[in-house]
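These notes concern the structure reproduced below.
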Amino acid sequence: MKVKVLDSRINKTLFLVVLIISVGTLGYILLSGYTFIDAFYQTVITITTVGFGEVQPFTPAEKIFTIFLILTSISIFGYAVSSFSEYLVSGKLFEHFKQRKVEKQIANLKGHTIVCGYGRNGKQAILKLKNYNKDFVVVEKSKEMSELIDSEGLLNINGDATLDETLLSAGIDKAAFLITALPSDANNLFVVLTANQLNKNCKIISRASNETSYSKLKFAGASNVIMPDKLGGDHMASLVTTPDVIEFVDRLTIEGETTANLEEIYVNDLPEKYIDRTILDLDLRKQTGCTVIGYRGPDKNYIINPESDCKLIKGSYLIVLGRPNQIMKLRELF
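Just so we're aligned: the sequence shown equals residues 377 to 710 in the numbering used here.
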């Protein structure tokens with residue numbers, strides 16, 4: 377989370393040091409008629425007590441001001457030493473610099489994914505994103521879990537995902553996707569509402585435990601709502617009713633860069649010569665060995681096993697099936 381100016385002792389110390397230098401410089405300019413350089417020089421040698429002589433002999437008023445400046449600066453530098461020692465011993469100083477580093481990394485991200493919650497579902501989502509080399513930021517409330525995430529080298533924010541400032545720290549304004557996998561449906565609902573308010577263009581995917589939460593999450597702005605328990609039960613029942621079909625589907629993987637059997641192609645990314653042509657003109661089977669098994673038009677309607685004369689309209693997607701080596705060849709070509 378972003379550190380406000382006076383929220384930490386380090387920032388308070390820096391503020392006080394700048395303040396005493398400014399007061400000293402301004403005081404000498406007004407009392408002694410010094411130039412800015414002379415006033416700044418006199419202030420620095422005074423608050424550091426180095427013992428150099430005055431720029432010019434002091435009047436009684438200037439001496440009183442100098443005494444005030446020395447006593448005040450001693451107090452401030454004592455506070456500074458105390459603050460620095462506390463930060464150094466407690467590890468807060470390193471945590472502060474780590475947080476600044478994380479903030480800079482997140483500031484450079486665009487179109488990334490925010491994953492809220494590092495539980496069972498969150499970990500699975502992160503594994504998939506890692507396999508596809510996607511940029512992501514993990515938001516986790518538990519300090520212990522955040523330290524574990526740090527040890528794994530994952531970019532993360534330690535904070536409450538239901539709060540605006542936490543999501544802003546994670547770069548919600550520039551994120552393309554948000555996955556909220558918190559254990560509580562109520563908290564997931566808060567995250568969806570907050571994220572939808574901060575970035576209308578962000579696609580939000582939420583976990584839900586209860587069926588009653590499904591419609592609420594959709595109404596709040598979730599693009600997709602996943603119920604892991606329901607999916608698990610359906611899968612187990614399908615292994616009874618259509619075991620061979622399910623085992624075959626289980627062998628199809630979208631794991632990552634080197635093991636995928638399924639891939640999607642955004643038609644807009646194809647060479648211009650294929651736009652408004654047909655799937656037959658694309659001739660993926662001959663070029664890569666892959667087969668087009670699905671088509672999603674700009675209207676978001678899906679066609680399973682589309683005809684060869686189906687037009688490649690801008691804004692549509694192709695779902696392609698192939699062996700890992702064929703998928704790799706497909707990625708090289710397109």
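Backbone N, C-alpha and C define an ideal beta-carbon position, used for all residues, glycine too.
All values reported here derive from a predicted model rather than from experimental measurement.
Between the CA atoms of residue j and residue i - distance to the nearest angstrom
i, j, result
"Ala-415", "Leu-445", "13 angstroms"
"Lys-439", "Glu-430", "10 angstroms"
"Lys-705", "Lys-517", "42 angstroms"
"Asn-600", "Leu-485", "24 angstroms"
"Ala-546", "Phe-710", "32 angstroms"
"Ala-483", "Phe-434", "51 angstroms"
"Asn-509", "Asn-575", "23 angstroms"
"Gly-609", "Lys-480", "43 angstroms"
"Leu-646", "Ile-695", "14 angstroms"
"Ile-622", "Leu-607", "13 angstroms"
"Thr-664", "Pro-604", "35 angstroms"
DSSP state of residue i mapped onto helix, strand, coil
i, result
"Asn-497", "helix"
"Tyr-693", "strand"
"Val-515", "strand"
"Arg-661", "helix"
"Lys-380", "Per-residue confidence for Lys-380 stands at a pLDDT of 46, beneath the threshold of 50, marking its modelled position as unreliable; the derived number appears in the next sentence. Residue state, collapsed to three classes: coil."
"Thr-489", "strand"
"Ser-582", "strand"
"Thr-556", "strand"
"Lys-687", "strand"
"Asn-532", "strand"
"Val-601", "strand"
"Gly-670", "strand"
"Tyr-508", "coil"
Whole-Å CB distance - residue i paired with residue j, under 8 angstroms assumed
i, j, result
"Val-491", "Ala-557", "7 angstroms"
"Leu-544", "Ala-537", "Not really, about 11 angstroms apart at Cβ, beyond 8 angstroms."
"Asn-637", "Gly-691", "In fact, because the Cβ distance is near 25 angstroms, the residues do not count as touching under 8 angstroms."
"Gly-673", "Ile-689", "7 angstroms"
"Ser-459", "Ile-386", "6 angstroms"
"Asp-685", "Leu-656", "6 angstroms"
"Thr-489", "Ile-405", "Actually they are not in contact, since the Cβ atoms of Thr-489 and Ile-405 sit about 54 angstroms apart, beyond 8 angstroms."
Sequence-distant residues of the same chain with beta carbon closer than 7 angstroms to residue i, five excluded per side
i, result
"Ile-525", "Tyr-494, Val-514, Glu-516, Asn-532"
"Phe-441", "Gly-403, Leu-407"
"Asn-572", "Ile-580, Ala-596, Gly-597"
Chain B contact for residue i (CB, 7 angstroms cutoff)
i, result
"Lys-477", "The displayed structure is made up of one protein chain only, and chain B is not part of it."
Beta-carbon contacts of residue i that lie in its chain and below 8 angstroms, excluding the five residues immediately before and after
i, result
"Pro-559", "Gly-493, Gly-495, Ser-585"
"Ile-680", "Ile-669, Gly-670"
Host alpha helix (DSSP H) of residue i (start-end)
i, result
"Leu-646", "Run containing Leu-646: none; DSSP gives neither H nor E here."
Close-in-space but distant-in-sequence residues of the same chain around residue i (CB under 6 angstroms, 5 per side omitted)
i, result
"Gly-400", "Thr-419, Leu-445"
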